[in-house]
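Data first, discussion second: the structure below is written as structure tokens.
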Amino acid sequence: MNSTSDMSTRGSFIIRGMAFWGAFWLSIFTLIGGLWFIIWTSIKWTVRPLLIPAVRLGKDAIVAQMVRVGVKSIAIVLVVSSCIGLILAMSMYPPLAELGQQSRIANIVGIAVFRELGPLISAIVLTGFAGASIAAEIGTMVVGEEIEALEAHALNPIRFLVVPRVIATVISLILLTILADVFGVVSSGLITCLSFDVSSQVYIDNTLAQLNLSDFLTGLIKSLFFGVILASIACYNGLKVTGGAAGVGKATTDTVVQTIVIVIIADLVFTSIFLVLGWT
């Protein structure tokens, strides 16, 4: 009797484990497939107007989304990037000062901000501010059957809803990354020069000596792909909303969590690729 019960319990545990991992991998592949469809369709509708003048890209919609997504995120990105610059400088001062190398704060901050923290911080901030907003907006349209209304009028939802948001997010994130780079380095320079006995000229010289074009370009390349990832995940989760208001809330949460995880993984992948290519 006991052995039969133990076997039943063990079998139930195995079945639950298989069900969990099956559902997990199914959700992963579903997400990958959905993102691939959105990215590929967005590329198609972005390139098409460049080849066929009769097809309009919708510049007004892109500009409107850039204002909504990018301009309103500037203050948050600048505050966060400035704080990161200050934190880096204050954290590195004690060990470097012991070696008499506090002027090297400029070298380390320059590399860290331009190559990694600038695009990563901008993407994470934009995820919380704009990614959730995009998912909620499109999800509300789905609940209100506005997507079906577009399709009933032979209008492609990807073209009119997704493409402007993807393009606007990519452009905005690239520009925000540049601002984050500048403010991160400047804020670090201010506290280093004012508090750590390093002249401003030495800080500037060390920063310029350390940085090169590849550092700037790798950060911009990352921000471009981070923007595509962010907007695609937000639009995908918005388009697959079900269950009314609760579904919209779930789409918003899923967007933030998935984007942050995937962006960090993508950052690792790009950093590894750049290391192999010698872009260091």
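If you're matching positions, the sequence shown starts at 72 in this note's numbering and goes up one per residue. Where a beta carbon is used, it is the ideal one built from N, C-alpha and C, also for glycine. Please read all numbers here as calculations on a predicted model, not as lab measurements.
Residue i and residue j closer than 8 Å at C-beta
{"i": "I304", "j": "G202", "result": "yes"}
{"i": "T198", "j": "T323", "result": "no"}
{"i": "I300", "j": "V334", "result": "yes"}
{"i": "S144", "j": "V233", "result": "no"}
{"i": "C306", "j": "I209", "result": "yes"}
{"i": "A194", "j": "F345", "result": "no"}
Beta carbon proximity, residue i to chain D, threshold 8 Å
{"i": "I99", "result": "Chain labels in this structure do not include chain D; a single protein chain is all it has."}
Backbone secondary structure at residue i - three-state DSSP
{"i": "R119", "result": "helix"}
{"i": "W350", "result": "coil"}
{"i": "N308", "result": "helix"}
{"i": "R230", "result": "helix"}
{"i": "T248", "result": "helix"}
{"i": "A225", "result": "coil"}
{"i": "V269", "result": "coil"}
{"i": "L170", "result": "coil"}
{"i": "L291", "result": "helix"}
{"i": "L282", "result": "coil"}
{"i": "V318", "result": "It is worth fixing the name first, because residue 318 is Gly in this sequence and not Val. Three-state DSSP puts G318 in a helix."}
{"i": "E217", "result": "helix"}
{"i": "T101", "result": "helix"}
{"i": "P124", "result": "coil"}
{"i": "G141", "result": "coil"}
{"i": "V211", "result": "The sequence given here places Thr at residue 211; Val does not occur at that position. Correct three-state label for T211: helix."}
{"i": "T313", "result": "coil"}
{"i": "G129", "result": "coil"}
Proximity to residue i [Cα-Cα], best of the options
{"i": "R236", "options": "G320, A206, L121, I158", "result": "A206"}
{"i": "L288", "options": "R119, P190, F95, L170", "result": "P190"}
{"i": "S258", "options": "L284, Q172, I176", "result": "I176"}
{"i": "Y274", "options": "N283, C264, I218", "result": "C264"}
{"i": "L247", "options": "S113, G290, V118, L102", "result": "G290"}
{"i": "Q172", "options": "D268, L346, E217", "result": "D268"}
{"i": "P228", "options": "A94, G141, L310, S266", "result": "L310"}
{"i": "F200", "options": "E219, V140, S162", "result": "V140"}
{"i": "L261", "options": "M161, I109, V142", "result": "M161"}
{"i": "M137", "options": "I86, S204, F341", "result": "S204"}
{"i": "L226", "options": "E169, W116, G104", "result": "W116"}
{"i": "A168", "options": "A94, N283, S266", "result": "S266"}
{"i": "D338", "options": "P165, V347, I123, L188", "result": "L188"}
Sequence-distant residues of its chain with Cβ nearer than 7 Å to residue i (five each side left out)
{"i": "V256", "result": "G156, V180, G181, V184, T278"}
{"i": "W350", "result": "S285, T289"}
{"i": "L159", "result": "V180, A183, S259"}
{"i": "T211", "result": "V319"}
Neighbourhood of residue i by C-beta, 8 Å cutoff - its chain only, sequence neighbours within 5 removed
{"i": "Y295", "result": "Rather than Tyr, the amino acid found at residue 295 in this sequence is Leu. Answer for L295: V241, L244, I245, listed in chain order."}
{"i": "V214", "result": "V312, G315, A316, G318, V319"}
{"i": "F231", "result": "G129, A132, L221"}
{"i": "W107", "result": "none"}
{"i": "V328", "result": "none"}
Beta-carbon contacts of residue i that lie in its chain and below 6 Å, excluding the five residues immediately before and after
{"i": "V151", "result": "I192, V196"}
{"i": "N308", "result": "A206, A322, D325, T326"}
{"i": "A302", "result": "R236, V237, T240"}
{"i": "F341", "result": "K293"}
Integer-rounded CB distance, given that residue j should sit under 8 Å from residue i
{"i": "F254", "j": "S98", "result": "Contact flag wrong, Cβ pair sits at about 38 Å."}
{"i": "V148", "j": "A251", "result": "5 Å"}
{"i": "N178", "j": "Q281", "result": "4 Å"}
{"i": "D286", "j": "R186", "result": "5 Å"}
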